[in-house]
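Inspection log for the structure reproduced underneath, given as structure tokens.
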Amino acid sequence: MAVAVLALACACGSPPNTGNTDGGPREDTGVPMDAFVPPTDGFVPMPDTGPPGCTADAQCDDLVDCTVDSCTVATGNCRHVVTPALCAAGESCNPATGCEMGRACATDADCDDTDACTTMERCDPAARVCTFVPLDGDGDGDPPRVCGGGDCDDSRPGANSGADEACNSLDDNCDGVIDDGFDLMTDDANCGRCGMVCRDGLSCSAGLCQCDDASLTRCGSSSAPYCVDTDTTPTDCGTCGHACPGACAAGMCVCPGGQTYCGSACVDTSTNLFNCGSCGNACPTGQTCNAGTCGCPGGGTVCPSSSGGTSCANTAADEANCGSCGNACEFDIRGVTEVCLSGTCTACGEVGEVCCDGDPWTSFDCLGEFTTCLGGMCRACGRPGQPCCERSICERGVTCDGSNTCIGTICGAVGEPCCAGSACDPGGVCLSGMCRTARDCTSSECDLFTGGCPAGQACYVTNVGTGLGVECRPIGAGTGTDGSPCTSILDCRYGYDCNPFENLCREFCCDGDASTCPSGQTCIRYVGSTGTPTGIGFCAAPSP
């Protein structure tokens, strides 16, 4: 029989008045006031009695005549259901003592007491018996243990003496054992912890969901494990979590179409800049990957760069790598950098040579004031009958016609033919058909001229090769003519100078005017130390 906490015995005789409104004894005197009123569904679970681990209803008899006793074989717990119908008329069922008569009453006030275990005290107007509802805070039909019930947690409906135990780390059936009947080491529905369900293909062992098939590998998180074949599964290839962009075979990622697996992607190593020929082989900046080999686009050559790396060079036209890496074109004797043509360093800029940079709007195409770049070659320009120079320029007195040819006659300036009527520009005089300076000896004169010099002297070009100038000097008394050996101008006749480059007497001439030179010779200009032509020269055989 359950331990009686609610004293629900029959009131007999007339005990002393203890302050109750109906003159009867109060409940705390040990004499009951109210008849027990079970919940409206007629079910009140009672504390479990009987031996632990019951297997039959007979083992659960609590000797209370108004309870129905049964054994929950699955858990081995006894259940005691209060059943008022088992009591006679006028009796009520006390879950602790059984059927008993209630206290007589005329009004509800006669049933009022101070017992916290009884609630809703009322007087049954028909039977004139006090009734009450046992205290049940969570409404699960089982009073708390302090009031004679079996509820070990009257704040949680799921916990009472008649509840089934659940795996939740709580004592649900109030038998004093948490999660009674659950083995977290082997339970597939609660493996290692309550609620951890082992999915299909896994079973609980030692508190962990393990693969049933020993050939599979357990992957995933502890809360969501799964079993895979890491030899063939693309999402877990070789090991858990290693995903392949393609297929998985023998635990290795396999790429489609002849591609190679590098890092985490399938690439074509025949063209991939960062994996050229093999994984991790990155081509230098500016190079491309072709047939698995790093190289320069357009057939360029890989050459060392000044920064210590490499760069692509067109050895057919690169002045720094002409013909081969590191073969730089040098400055020639004129201070002009050679150009790289078809892999060969070539002089440029002079008439008959290639243009230096091919840009007609720069000053680096051809040397000389009246030289122009036509068809990649430097050509004489600006004089009558010659092509016009850049920007349609011709020499003074000559114009550029519609066919880009200079037309007209150059005349009038000192050193030029006299214009019609023997006219020269101001400051000049016409002597023998040429305009000469009237008084001064200047570098614009083409040959010896006595005007402006003292008697017995003439104007000579001097300092050839070191810096040009002209000065009045004694007229040469020598007899040397064209081609005669000489050591100074005095060895040559008047009208000749001693060419210091070959130590031969040569006739003075105007630059470019071969008509003033003997047959087979041409007028070679004088060039000063700064490389500036003077317009004055001497006759000599052309260079071979």
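Just add 26 to wherever you are in the sequence shown, counting from 1, and you've got our numbering. Positions of the beta carbon are idealized from the N, C-alpha and C atoms, including for glycine.
Residues bridged to residue i (per DSSP)
i           : result
residue 433 : 425
residue 254 : 243
residue 236 : 229
residue 400 : 403
residue 575 : Within the shown structure, residues of the chain are numbered from 27 to 570, placing residue 575 beyond reach of any answer.
residue 299 : None, per the DSSP bridge assignment.
residue 204 : Paired residues: none, contrary to the question.
residue 83  : Residue 83 is not bridged to any residue.
residue 409 : BP columns for residue 409 are empty, so no partner.
residue 367 : 370
residue 419 : 415
residue 566 : 548
residue 188 : For residue 188, which the question treats as bridged, DSSP gives no partner whatsoever.
Buried versus exposed, by CB contacts within 10 Å (16 or more), residue i
i           : result
residue 430 : exposed
residue 332 : exposed
residue 100 : exposed
residue 337 : buried
residue 339 : buried
residue 59  : Low per-residue confidence applies at residue 59: pLDDT is 46, beneath 50, and the placement is therefore not dependable enough to give any value.
residue 50  : Below a pLDDT of 50, predicted positions are generally treated as unreliable, and residue 50, at 35, falls in that range; no measurement from the model is reported.
residue 381 : buried
residue 122 : buried
residue 188 : buried
residue 145 : exposed
residue 533 : buried
residue 10  : This structure does not reach residue 10, given that the chain is present from 27 up to 570, and the question cannot be answered.
residue 568 : exposed
residue 442 : buried
residue 174 : buried
residue 323 : exposed
residue 566 : buried
residue 172 : exposed
residue 282 : exposed
residue 330 : exposed
Close-in-space but distant-in-sequence residues of the same chain around residue i (CB under 6 Å, 5 per side omitted)
i           : result
residue 518 : 502, 504, 506, 512, 524 and 531
residue 106 : 72, 88, 93 and 95
residue 320 : 302, 309 and 313
residue 215 : 223
residue 166 : 183 and 186
residue 346 : 354
residue 179 : 185
residue 576 : In the structure displayed, the chain extends from 27 to 570; residue 576 sits before or after that span and is not available.
Neighbourhood of residue i by C-beta distance below 7 Å, restricted to the same chain and skipping five residues each side
i           : result
residue 406 : 377, 396, 397 and 412
residue 277 : 256, 257, 263 and 264
residue 270 : 260, 263 and 279
residue 273 : 260 and 280
residue 433 : 410, 424, 425 and 427
residue 318 : 295, 296, 302 and 303
residue 438 : 423, 445, 449, 450, 451 and 461
residue 195 : 204, 205 and 220
residue 218 : 210, 233 and 234
residue 79  : 102
residue 84  : none
residue 326 : 338, 339 and 340
residue 547 : 565, 566 and 567
Whole-number beta carbon distance between residue j and residue i, since they are thought to touch under 8 Å
i           : j           : result
residue 197 : residue 186 : That belief does not hold up - the Cβ atoms of residue 197 and residue 186 are roughly 11 Å apart, past 8 Å.
residue 452 : residue 436 : No, residue 452 and residue 436 are not in contact; Cβ-Cβ is about 17 Å, not under 8 Å.
residue 286 : residue 305 : 6 Å
residue 157 : residue 150 : 5 Å
residue 211 : residue 232 : 6 Å
residue 365 : residue 355 : 7 Å
residue 375 : residue 404 : 6 Å
residue 408 : residue 420 : 5 Å
Proximal residues to residue i (C-beta, below 8 Å), its chain only, five neighbours per side dropped
i           : result
residue 154 : 130, 131 and 132
residue 237 : 227, 228, 243, 244 and 253
residue 206 : 101, 191, 197 and 199
residue 370 : 348 and 349
residue 275 : 257 and 258
Contact test: residue i Cβ vs the ligand HEM heavy atom, cutoff 8 Å
i           : result
residue 233 : This structure lacks the ligand HEM, and indeed carries no ligand of any kind.
Inside the region 331-355 only - beta strand (DSSP E) runs reaching at least 3 residues: 336-339
Entirely enclosed beta strand (DSSP E) segments - the region 259-287, minimum 3 residues: 273-275 and 278-280
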